[in-house]
Amino acid sequence: MNFSNEHIDELIGKYLAGEATPEEAIWLDDWRQQSLENERHFAQLEKLFCATNGQNEPVRFNPDKAWKQVESRIKEQKQGRVIPLWANQWRVAASVAALVAFGAALFFILQPSPMYLELASTDRILTDTLPQGDIVHLNRQSTIHYAYHKRQKTAHIDLTGEAFFDLRNPDQTTVVKTGNLMIRDIGTKFNVQHRTDRDTIHVSVLEGEVQLYTEENEGIAVKAGETGWYLQSTRAFEKFTSTPSNELSWKTRNFHFNNATLREVAQTLNAVYDTRFIIEQPIENCRITVQFYNEQPEQIAEVIAETLGLEVVNEENKITFKGLGCAQ
Amino acid sequence: MMSHSEVSDNDLLRQIAGGNVNAFEMLFKQHYENLCRYASTFVRDNDEAEDIVQKTFVTFWEKRTDIAVETSLKSYLYGAVRNAALNNIKHQQVRQKHAATMTVADHIASESASDSLISEELNGRINAAIAQLPEQCRRVFELSRFEGLKYAEIAVQLGISVKTVENQMGKALRRMRDELHEYLPILIILGYFSV
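For the protein sequence lines, the chains are A and B, in the order given. If you read the first sequence in the numbering used here, its first letter stands for residue 15, the second for the next number, and so on. If you read the second sequence in the numbering used here, its first letter stands for residue 2, the second for the next number, and so on.
Now the structure itself:
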């Protein structure tokens, strides 16, 4: 992760507010130790944060003293004695638990507090079921923040990157927000793609209907079989009938190539499969029309090679296409 | 003799799994303070935070031969501490709701119980700085700092994205630091004295 200076303050704010993920905390601690300036910067904001609640700054923690305690505990365990380490607390906790069990159950049933969840993918596609039973597939390098408000039966999802939503609750309203665009739906299946290097956000609907809108524009409705575009620079909406394009390929592993160059084909395949497809220079611009439906990389390579009369070299995690030129 | 830079994660884990207490001590001292600080951002009680971190390390020692660390030791430890802290908060919430009927002392009140070295004048300046924040920025900051809402809750309540909440909190801290920078050196000095 890389952060600019403004983002450092945001990150520190997140950390101090108890919102930082372990990765963010690790990054911040590393950053602090990089220079005295960084350490001072953090310390200033930390003191400020505490001061706003009338406290003095937080206590320093003493690792040497703490180590003595931990050391004695583990050494006692080494000798085979089972020490009830926190026995007093457990006894008290048990009696408290017995007394509050009914009350707590009742309390939580009556209290509709927002449910919160964060999911982030790195190099792999991540599929998960959200608390209300909806399913989300996250493409690589994507993150969602999910908050569910029980009273309003509304789920708010903040998306960075690309995700396919398979929503299972017809009486729940879901609003997906990415950039300035909001997408509202009721029980549908759709794909949202928002990559930082593109001006347009793509929303493809497989089933059902969604509404694309922003704070200043009520936007457009997009139905099954359609793809809506939101252009961030001009704040315009456009709609297309979904061509069998490769937008959802990352999840479905279905591909339609219509007179595409091998370079494009390799690019598309590489974004989905772990196996790398490599096209040698003389045949990069050879064109091919072909479809694949959820096949293994080796099968795909065979078909391409046969169709264009190319040689294929299969290696561990790498498939190379060789040839002298394009057969016309 | 192992120095911090020479020993890789795998070496360290192998040593610890083999029962090497010195290796474990090194891991402990390397990360203890940072982990306690991280835990305290969730539980808001320093004693509780240290308790959580120490328990995490002891558990780690108990399971040392079973643990398969997938990312790094650091990630494992930070993750374990956060989960323990969040669990702790859940339990605290149950107890706090019934504080009126219980005689068990809970630790949540530590924030208000701290002895403040902040002067009246400084307090006034801080409140003035908060009042001068732009509208949304101030509301976000107040909801977080004074009502203890999580970012996701603030986002839902104000109808904005979590990213905006993060952004506004950063902005708030930045502005307040600019506003109060002449007081900050004093705060830092007080800190060192209190150690």
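Ideal Cβ placement from N, Cα and C applies to all residues, glycine included. Since we're looking at a predicted model, the values are computed, not measured.
C-alpha gap between residue i and residue j, whole angstroms
| i | j | result |
| --- | --- | --- |
| B/Ala-114 | B/Arg-126 | Low confidence applies here, because B/Ala-114 scores a pLDDT of 38, under 50, leaving its location unreliable; read the following figure in that light. If I take the Cα positions, the gap works out to 22 Å. |
| A/Lys-164 | B/Gly-171 | 29 Å |
| A/Phe-251 | A/Leu-195 | 10 Å |
| A/Glu-240 | A/Ser-218 | 6 Å |
| A/Gln-166 | A/His-159 | 18 Å |
| B/His-92 | A/His-21 | 33 Å |
| B/Leu-1 | B/Phe-142 | There is simply no residue 1 of chain B to check, as chain B begins at 2 and stops at 196 in what is shown. |
| A/Pro-311 | B/Ile-161 | 43 Å |
| A/Pro-296 | A/Leu-173 | 40 Å |
| A/Glu-24 | A/Gln-48 | 18 Å |
| B/Gln-133 | B/Glu-167 | 19 Å |
| A/Gly-337 | A/Val-224 | 46 Å |
| B/Ile-21 | A/Ile-26 | With the sequence shown as reference, residue 21 of chain B is identified as Asn, and Ile is not the correct amino acid for it. Computed Cα separation, rounded: 36 Å. |
| B/Phe-147 | B/Tyr-33 | 29 Å |
| B/Gln-31 | A/Lys-61 | 23 Å |
| A/Ala-285 | B/Leu-74 | 30 Å |
| B/Ala-24 | B/Leu-13 | 6 Å |
| B/Glu-122 | A/Glu-53 | 27 Å |
| A/His-278 | A/Leu-140 | With the sequence shown as reference, residue 278 of chain A is identified as Glu, and His is not the correct amino acid for it. Approximately 25 Å between the Cα atoms of the pair. |
| A/Trp-264 | A/Asn-328 | 22 Å |
| A/Tyr-29 | A/Thr-334 | 46 Å |
| A/Lys-253 | A/Ala-238 | 12 Å |
| B/Gln-55 | A/Val-84 | 7 Å |
| A/Asp-211 | A/Ile-318 | 30 Å |
Proximity below 9 Å, CB of residue i to CB of residue j
| i | j | result |
| --- | --- | --- |
| B/Ile-68 | B/Tyr-77 | yes |
| A/His-216 | A/Gly-242 | yes |
| A/Gly-222 | A/Leu-181 | yes |
| B/Ala-81 | A/Phe-75 | no |
| A/Asn-273 | A/Ile-302 | yes |
| A/Gln-398 | A/Gly-193 | Limits of chain A in this structure are 15 at one end and 342 at the other, which puts residue 398 of chain A out of reach. |
| A/Ala-169 | A/Gln-146 | yes |
| B/Ala-85 | B/Ile-131 | no |
| A/Asn-331 | A/Thr-282 | no |
| B/Trp-62 | B/Ile-17 | yes |
| B/Leu-150 | B/Gln-137 | no |
| A/Arg-267 | A/Tyr-307 | yes |
| A/Leu-152 | A/Glu-176 | yes |
Option nearest residue i by Cα separation, candidates the options
| i | options | result |
| --- | --- | --- |
| A/His-270 | A/Glu-309, A/Pro-296, A/Arg-290 | A/Glu-309 |
| A/Asn-260 | A/Asn-205, A/Asn-19, A/Glu-132, A/Ile-333 | A/Asn-205 |
| A/Thr-228 | A/Lys-253, A/Ala-80, A/Val-189 | A/Val-189 |
| B/Phe-43 | A/Pro-36, A/Thr-210, A/Phe-56, A/Ala-65 | A/Pro-36 |
| A/Ala-31 | A/Asn-19, A/Asn-67, A/Glu-53 | A/Asn-67 |
| A/Arg-138 | A/Tyr-130, A/Thr-157, A/Glu-298, A/Gly-147 | A/Thr-157 |
| B/Arg-178 | B/Glu-63, B/Asn-23, B/Ala-129 | B/Ala-129 |
| A/Ile-149 | A/Gln-186, A/Ser-135, A/Lys-191, A/Lys-203 | A/Lys-203 |
| B/Val-59 | B/Glu-183, B/Ile-131, B/Glu-26, B/Arg-139 | B/Glu-26 |
| B/Ala-153 | A/Lys-332, A/Val-327, A/Arg-249, A/Glu-33 | A/Glu-33 |
| A/Arg-198 | A/Asp-43, A/Gln-186, A/Ser-18 | A/Gln-186 |
| A/Arg-209 | A/Arg-154, A/Lys-237, A/Arg-46 | A/Arg-154 |
| A/Asp-213 | A/Lys-191, A/Tyr-244, A/Pro-184 | A/Tyr-244 |
| B/Thr-66 | B/Asn-47, B/Arg-15, B/Tyr-39 | B/Arg-15 |
| A/Trp-41 | B/Leu-36, B/Leu-28, B/Phe-29 | B/Leu-36 |
| B/Gln-94 | B/Phe-29, B/Arg-45, B/Ser-145 | B/Arg-45 |
| A/Lys-191 | B/Lys-164, B/His-182, B/Glu-183, B/Arg-175 | B/Lys-164 |
| A/Val-236 | A/Lys-28, A/Leu-220, A/Thr-275 | A/Leu-220 |
| B/Arg-175 | A/Leu-50, A/Glu-51, A/Gln-58 | A/Gln-58 |
| A/His-55 | A/Ala-80, A/Asn-19, A/Asp-78, A/Asp-211 | A/Asn-19 |
| B/Ser-41 | A/Ala-39, A/Val-304, A/Lys-82 | A/Ala-39 |
| A/Phe-63 | B/Asp-10, B/Gly-19, B/Asn-124 | B/Asn-124 |
Residue interval of the alpha helix (DSSP H) (run including residue i)
| i | result |
| --- | --- |
| B/Thr-66 | Premise fails: B/Thr-66 is in no alpha helix (DSSP H) and is neither H nor E. |
| B/Gln-213 | Absent from the model: residue 213 of chain B. The displayed extent of chain B is 2 to 196, so no value can be given. |
| A/His-55 | 50 to 65 |
| A/Glu-24 | 19 to 30 |
| B/Gln-169 | 163 to 181 |
Run of the beta strand (DSSP E) containing residue i, from where it starts to where it stops
| i | result |
| --- | --- |
| A/Thr-136 | First-last for A/Thr-136: undefined, no H or E at that position. |
| A/Lys-237 | 234 to 237 |
| B/Leu-159 | Counting along the chain, B/Leu-159 falls outside any beta strand (DSSP E), though it belongs to the alpha helix (DSSP H) covering 152 to 159. |
| A/Lys-253 | 250 to 255 |
| A/Thr-241 | 240 to 245 |
| A/Leu-226 | 223 to 227 |
| A/Ala-161 | 157 to 163 |
| A/Leu-152 | 149 to 152 |
Heavy atom of the ligand ADP within 8 Å of residue i beta-carbon
| i | result |
| --- | --- |
| A/Trp-243 | Among the ligands in the structure shown, none appear at all, so the ligand ADP cannot be discussed. |
Exercise. What beta strand (DSSP E) runs, 3 residues minimum, are completely inside the region 179 to 214 of chain A?
Worked result: 187 to 192, 195 to 199, 203 to 208
Exercise. Residue ranges of each beta strand (DSSP E) run of no fewer than 3 residues wholly in the region 263 to 335 of chain A, ordered along the chain?
Worked result: 268 to 275, 290 to 293, 301 to 307, 325 to 329
Exercise. Going along the chain, which unbroken runs of the alpha helix (DSSP H) with 4 or more residues stay wholly within the region 8 to 50 of chain B?
Worked result: 10 to 18, 22 to 44
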